[in-house]
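Listed in order, the protein sequences are those of chains P and W. To convert, note that position 81 of the first sequence is 81 in my numbering; the numbers rise steadily by one, no gaps. To convert, note that position 14 of the second sequence is 14 in my numbering; the numbers rise steadily by one, no gaps. Quick reminder that beta carbons are idealized off the backbone N, C-alpha and C, glycines included.
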Amino acid sequence: MSDTKARIDEILQKSDVVLFMKGTQFFPQCGFSSKAVAILDHLGVGFETVDVLQDPEIRQGVKEYSDWPTVPQLYVKGEFVGGSDIMMEMYEAGELQQLLDEKQVAKA
Amino acid sequence: MAMAAAEIEALIRAGIPDARVEITDLAGDGDHYAARVVAESFRGMPRVRQHQRVYEALGGRMGGALHALQLSTATPD
Numbered sequence: 001m002s003d004t005k006a007r008i009d010e011i012l013q014k015s016d017v018v019l020f021m022k023g024t025q026f027f028p029q030c031g032f033s034s035k036a037v038a039i040l041d042h043l044g045v046g047f048e049t050v051d052v053l054q055d056p057e058i059r060q061g062v063k064e065y066s067d068w069p070t071v072p073q074l075y076v077k078g079e080f081v082g083g084s085d086i087m088m089e090m091y092e093a094g095e096l097q098q099l100l101d102e103k104q105v106a107k108a
Numbered sequence: 001m002a003m004a005a006a007e008i009e010a011l012i013r014a015g016i017p018d019a020r021v022e023i024t025d026l027a028g029d030g031d032h033y034a035a036r037v038v039a040e041s042f043r044g045m046p047r048v049r050q051h052q053r054v055y056e057a058l059g060g061r062m063g064g065a066l067h068a069l070q071l072s073t074a075t076p077d
């Protein structure tokens with residue numbers, strides 16, 4: 001588990017915006033993951049995705065990492081933001097854009 | 001593996017006694033639900049924490065027996 005945690009730390013250090021999801025950005029394998037990608041696309045922010053279906057260790061590890069039971073999971077500058085429902089609520093309230101601005105995340 | 005709406009509602013109420021819970025069966029298949037949970041005890045909590053409280057009430061079923069739960073939380077007006 002600590003190895004997995006180190007791997008997740010490393011992934012989060014490499015990119016400002018990371019989405020752990022089922023499938024890929026272009027072929028999401030789950031409605032929730034698809035919604036999460038659509039929100040980030042709409043915000044026009046650059047992001048990395050990690051397909052947890054390709055990596056059972058990360059799939060389990062990321063749930064423990066954030067104490068969050070489901071995927072997708074969004075991280076901004078290493079900090080857990082939430083799953084797709086929270087992303088949608090924040091997006092609709094303009095809070096997601098605000099968070100990206102505050103954290104000075106570059107546009108794609 | 002599916003769960004009944006009443007069971008989901010009962011678990012959330014048991015975990016968060018002041019919660020008002022509305023469950024919608026999104027697909028009519030007993031597997032895709034939306035839950036709206038309104039509780040005074042959420043006041044002052046960040047959204048992530050509010051959702052975590054609901055997941056705690058569901059006691060590990062989230063992501064297992066319960067795959068698709070679209071969750072929204074709020075405090076009473």
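Buried or exposed (CB count within 10 angstroms, at least 16 for buried), residue i
{"i": "residue 88(P)", "result": "buried"}
{"i": "residue 85(P)", "result": "buried"}
{"i": "residue 54(P)", "result": "exposed"}
{"i": "residue 73(W)", "result": "buried"}
{"i": "residue 13(P)", "result": "exposed"}
{"i": "residue 46(P)", "result": "exposed"}
{"i": "residue 6(W)", "result": "exposed"}
{"i": "residue 33(P)", "result": "buried"}
{"i": "residue 76(W)", "result": "exposed"}
Straight-line Cα distance separating residue j from residue i
{"i": "residue 4(W)", "j": "residue 38(W)", "result": "20 Å"}
{"i": "residue 106(P)", "j": "residue 62(W)", "result": "34 Å"}
{"i": "residue 13(W)", "j": "residue 57(W)", "result": "8 Å"}
{"i": "residue 1(W)", "j": "residue 62(P)", "result": "Interpretation of residue 1(W) is limited by its pLDDT of 49, a score under 50 that renders its predicted location unreliable; no figure is taken from the coordinates."}
{"i": "residue 15(W)", "j": "residue 94(P)", "result": "31 Å"}
{"i": "residue 69(P)", "j": "residue 16(P)", "result": "22 Å"}
{"i": "residue 49(W)", "j": "residue 36(W)", "result": "15 Å"}
{"i": "residue 57(P)", "j": "residue 66(P)", "result": "14 Å"}
{"i": "residue 60(W)", "j": "residue 44(W)", "result": "25 Å"}
{"i": "residue 4(P)", "j": "residue 64(P)", "result": "10 Å"}
{"i": "residue 40(W)", "j": "residue 10(W)", "result": "18 Å"}
{"i": "residue 17(W)", "j": "residue 52(W)", "result": "15 Å"}
Sequence-distant residues of its chain with Cβ nearer than 8 Å to residue i (five each side left out)
{"i": "residue 97(P)", "result": "43, 91"}
Residue-level contact to chain A via CB, residue i, 8 Å cutoff
{"i": "residue 82(P)", "result": "Checking the listed chains, one finds no chain A in this structure; the protein chains it contains are P and W."}
Other residues of its chain near residue i: CB distance less than 7 Å, five sequence neighbours each side excluded
{"i": "residue 36(P)", "result": "19, 21, 72, 74, 84, 87"}
Cβ shell of residue i (< 6 Å), same chain only, five flanking positions each side left out
{"i": "residue 70(W)", "result": "34"}
**Prompt:** Is the region 43-60 of chain P touching the region 2-18 of chain P, taking contact as three or more C-beta pairs under 8 Å?
**Reply:** yes
**Those runs of the alpha helix (DSSP H) which lie wholly inside the region 17-73 of chain P and span at least 4 residues** = 31-43, 56-66
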